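Asks:
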Amino acid sequence: MNQGKIPNVGMLKITQANASLIDTLNLSPATKTLFYNAVAKGNTIYTPTAPVTYANWQGTFYIALDPVTGFGAYVIGEGLNGGYFQQFLDSLRGLLIPTAEASLGSHVTAVISAPANAITYGAKFIVDIAYKVFNAVGNLISQWTEKREVDTRDIGAGTTQIEAGYGADGMKDTQISRVKLGKAPNDLDAQIIATAQEVSDSNFTMPPDLFKAVLQQESGLKYKSYRYEPCYDRRRISGMNRPLENKNVLNEQPYKHYRTATNNPDLDPQLLEGDQVDGITVNGEKVTIKDFYTTYSVAPLAIGDADGNGKITAYDIWKLNDAKQHYSEKRGGDCVMTPEDGNFTPQFLISASYGLGQVMYPTAVGSIPRNGTGPAENIGKLIEPNLTKSAQKLKTFYQDATTEGASGLCAIGGKWWNALLKYNGGSNPDYPVDICKWYNQRLYRVMPE
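Using the working numbering, the letters of the sequence shown correspond one by one to residues 128 to 576.
(1) Using the beta-carbon count (16 or more within 10 Å), is A237 buried or exposed?
(2) Measuring CB to CB, does I416 end up less than 7 Å from F471?
(3) Need the endpoints of the alpha helix (DSSP H) that L267 sits in, please.
(4) So what does D255 bridge to, in DSSP terms?
(5) Between the C-alpha atoms of A263 and N153, what's the straight-line distance to the nearest angstrom?
(6) Using a 10 Å radius around the Cβ and a threshold of 16 neighbouring Cβ atoms, would you call P175 buried or exposed?
(7) Whole angstroms are fine: how far does the CA of P335 sit from the CA of Y442?
(8) Apart from the five residues on each side of it in sequence, which residues of its chain come closer than 6 Å, Cβ to Cβ, to L521?
(9) Among residues of its own chain, excluding the 5 on either side of Y382, which ones have a beta-carbon nearer than 7 Å to its beta-carbon?
(10) So does the stretch 313-321 actually touch the stretch 289-302, counting three or more Cβ pairs closer than 8 Å?
(11) Among V166, I539, T158 and A538, which has the Cα closest to the Cα of A146?
(12) Count the other C-beta atoms from every protein chain shown that fall within 10 angstroms of the C-beta of R569, then say buried if there are 16 or more, exposed otherwise.
(13) Using the C-alpha atoms, what's the distance from I203 back to Y211?
(14) Report all residues from its chain with a CB closer than 6 Å to the CB of Q343; omit the five preceding and five following residues, and keep chain order.
(15) Given that a residue counts as buried once 16 or more other Cβ atoms are within 10 Å of its Cβ, and exposed if not, what is L308?
(16) Start and end of the alpha helix (DSSP H) containing T322?
(17) Answer yes or no: do Y258 and V235 have a C-beta to C-beta separation smaller than 7 Å?
(18) Evaluate N330 with the Cβ neighbour count: other Cβ atoms within 10 Å of its Cβ, from every protein chain shown; 16 or more gives buried, anything less gives exposed.
(19) Does DSSP classify P225 as helix, strand or coil?
(20) Residues bridged to V202 by DSSP?
(21) Would DSSP call A479 helix, strand or coil?
(22) DSSP three-state label for N208, please.
(23) On the criterion of 16 or more Cβ atoms from any shown chain inside 10 Å, does A426 qualify as buried, or is it exposed?
(24) Hey, which unbroken runs of the alpha helix (DSSP H) at 4 residues or more fall wholly within the stretch 516-559?
(25) Name the two residues that bound the continuous alpha helix (DSSP H) containing K345.
(26) Is any heavy atom of the ligand SAM found at a distance shorter than 6 Å from the C-beta of H453?
(27) Quick one: what's Y353 bridged to in DSSP?
(28) From the DSSP output, which residues share a beta bridge with P175?
(29) From this set, A291, E273, Y353 and E325, which residue's C-alpha is nearest E511's C-alpha?
(30) My output table needs one value for Q403: the three-state DSSP class, helix, strand or coil.
(31) With T158 as the anchor, note down where its alpha helix (DSSP H) starts and where it stops.
(32) Per DSSP, what are the beta-bridge partners of Q302 in this structure?
(33) Can you list, in chain order, the residues of its chain with a C-beta nearer than 8 Å to that of T500? Leave out the 5 residues immediately preceding and following it.
(34) Here's a check: name, in chain order, each residue in its chain whose Cβ is nearer than 7 Å to the Cβ of Q452, leaving out the five neighbours to either side.
(35) For G484, tell me which candidate among L509, K159 and V560 has the shortest Cα-Cα distance.
(36) My output table needs one value for V264: the three-state DSSP class, helix, strand or coil.
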């Protein structure tokens, strides 16, 4: 707090000389009595001027120190000793030690434990730091161990020094090796490696080279990628034969915020444009629906009245763009439209896939309750260079996939094969063939740069 990290709240130092300050604090009578008893014994109290909010925690805390021995109590909340909620205490030590113990002439030592082997650039690793605090006469007054996550993308490749905090003089050299995924590296390689590690756990490993092959197939490794899907729109969002559970989807959370004003005769009442359509940003820049289907589209869409009925419908989009978007080849030739079944307003923002992994908007927001309230997350974030949703989607499909007796990562009928089929929506049986061809040829293998 003395470092200004908690706005509008300061730190009080209370001794016998200014004990009257205790009555000004927003504390329970029991805690005030404890403070009075502590300073009467010659102790010093350090406490905030008001309850604080720090990360997800709200409340108060205090330190009661014996200025002679350096021993003291570190209390989170009222009446709870410092061992309560250790994670919160650890995150506050950087605020408490400089303002309390260091002012008494204490010093801090640190022993750092970091991985002995070289770390791959793009990955994250954990450092353990064991701290000890000694008072002016050399007595140990506090000790603890912290874990620090280090993102190699923040510090670069080569030899780097991991330094301790709180003024301790401990440091350790760590080697970070830059690698690439294939002979032709991409600026996204480090992010692909980091995201693959992020979604991996004790039961699942995301191969970064396979993940890169998926992204290459979906977007050509261009994060500003968008694709409108008219047949998905007909089947799941706006069409007259959409499933019962989707009958009101355009009037539900979060879809209602990004819908296009509708003129589908099957919808009654007609729906107005979503209230957040005019506020979409990508990397901080405002964008429009037209920007998506032109600038960001895999192939810019032609927009026009193909059947001459005086309005732009999903059929018009399908008819004018099928030749270059290959809509009719999807789902085994099932994506063919007529003026009748395509007679609805295309939902350009909702029935679309976004970003490096071409994640469909309904998939990206699938966990959000439809009866929720409040604004939706900015849909433009889906087109920013973030790979987490794509990786999580692929992981989920892998975990749900069955295997048909096949072994090997890219074996036909294996878990990864079926996960790749599901990622593509099952419409292209050759999708895993292409991905696995690149994988088996080690086109994107991890290799030193």
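Ideal placement from N, C-alpha and C gives every residue a C-beta, glycine not left out.
Predicted, not measured: the structure shown is a model, and the values here were computed from it.
Replies: The structure says:
(1) Translated into positions along the sequence shown, residue 237 becomes position 110. Per the 10 Å Cβ criterion, buried.
(2) Mapped onto the sequence shown, residue 416 falls at position 289. Mapped onto the sequence shown, residue 471 falls at position 344. In this structure, F471 does not lie closer than 7 Å to I416 by Cβ.
(3) Here residue 267 refers to the residue found at position 140 when the sequence shown is read from its first residue. No alpha helix (DSSP H) holds L267; the beta strand (DSSP E) holding it covers L267 to D278.
(4) Taking the first residue of the sequence shown as position 1, residue 255 is located at position 128. Beta-bridge pairing links D255 to S240 and K274.
(5) Start at 1 with the first residue of the sequence shown, and residue 263 comes out as number 136. Start at 1 with the first residue of the sequence shown, and residue 153 comes out as number 26. Cα to Cα, the separation comes out at about 33 Å.
(6) Residue 175 sits at position 48 when you count from the first residue of the sequence shown. Label assigned to P175: buried.
(7) Counting from one through the sequence shown, the residue named residue 442 turns up at place 315. Counting from one through the sequence shown, the residue named residue 335 turns up at place 208. If I take the Cα positions, the gap works out to 39 Å.
(8) Here the question's residue 521 lines up with position 394 in the sequence shown. Excluding residues within five positions, the ones whose Cβ falls inside 6 Å are Y550.
(9) Translated into positions along the sequence shown, residue 382 becomes position 255. These residues qualify, in order along the chain: V376 and I477.
(10) no
(11) For the purposes of this step, residue 146 is taken as the residue at position 19 of the sequence shown. Closest by alpha carbon: V166.
(12) For this step, residue 569 is matched to residue 442 along the sequence shown. With fewer than 16 other Cβ atoms within 10 Å, it is exposed.
(13) Mapped onto the sequence shown, residue 211 falls at position 84. Mapped onto the sequence shown, residue 203 falls at position 76. Bear in mind that a pLDDT of 34 at Y211, under 50, signals an unreliable position, so the number given afterwards is only what the model happens to contain. Rounded to the nearest whole angstrom, the CA to CA distance from Y211 to I203 is 7 Å.
(14) As a working mapping, residue 343 is identified with position 216 in the sequence shown. If we look at Q343 and ignore the five residues flanking it on each side, it has no Cβ neighbours.
(15) Within the sequence shown, the letter at position 181 stands for residue 308. With 16 or more other Cβ atoms within 10 Å, it is buried.
(16) In the sequence shown, residue 322 corresponds to position 195, counting from 1. Segment D316 to V326, the alpha helix (DSSP H) holding T322.
(17) By one-based count along the sequence shown, residue 258 stands at place 131. By one-based count along the sequence shown, residue 235 stands at place 108. If you check the CB distance, Y258 and V235 come in under 7 Å.
(18) Counted from its first residue, the sequence shown places residue 330 at position 203. Looking at its Cβ environment, which holds fewer than 16 other Cβ atoms inside 10 Å, N330 is exposed.
(19) Position 98 of the sequence shown, counted from the start, is the residue given in the question as residue 225. For P225, the pLDDT reaches just 45, beneath the cut-off of 50, and the residue's location in the model is therefore unreliable, leaving the point undetermined.
(20) Residue mapping note: residue 202 aligns to position 75 of the sequence shown, counting from 1. Y189, per the DSSP bridge assignment.
(21) Within the sequence shown, residue 479 is the residue found at index 352, counting from 1. Reduced to three states, the DSSP call for A479 is strand.
(22) Numbered from 1 along the sequence shown, position 81 holds the residue referred to as residue 208. Confidence in N208 is poor, its pLDDT being 37 and thus under 50, which makes the residue's placement unreliable; the coordinate value appears in the next sentence. Here N208 sits in coil by DSSP.
(23) Locating residue 426 in the sequence shown gives position 299, where the first residue counts as 1. Result: exposed.
(24) 542-550
(25) In the sequence shown, the residue the question calls residue 345 occupies position 218. The question names Lys, yet the displayed sequence has Glu at residue 345. In the DSSP assignment, E345 falls within the unbroken alpha helix (DSSP H) covering P335 to S346.
(26) Of ligands this structure carries none, so the ligand SAM is not represented either.
(27) By 1-based counting over the sequence shown, the position of residue 353 is 226. DSSP, once it has assigned bridges, lists S424 and Y481 as partnering Y353.
(28) As a first step, residue 175 must be located in the sequence shown, where it is residue number 48. In DSSP, P175 forms a bridge with M138.
(29) Position 384 of the sequence shown, counting from 1, holds the residue named residue 511. Ranking A291, E273, Y353 and E325 by Cα distance to E511 puts Y353 first.
(30) Locating residue 403 in the sequence shown gives position 276, where the first residue counts as 1. Three-state DSSP puts Q403 in coil, outside helix and strand.
(31) Numbered from 1 along the sequence shown, position 31 holds the residue referred to as residue 158. Looking at the DSSP string, the run of the alpha helix (DSSP H) that includes T158 is P156 to A167.
(32) Counting from 1 along the sequence shown, the entry for residue 302 is found at position 175. T286.
(33) Here residue 500 is taken as the residue at index 373 of the sequence shown, counted from 1. So the qualifying residues of the chain are Q380.
(34) Locating residue 452 in the sequence shown gives position 325, where the first residue counts as 1. Contacts found: A426.
(35) Against the sequence shown, residue 484 aligns to sequence position 357. Of L509, K159 and V560, the residue nearest in Cα terms is L509.
(36) Along the sequence shown, read from residue 1 onward, the residue named residue 264 stands at position 137. Reduced to three states, the DSSP call for V264 is coil.
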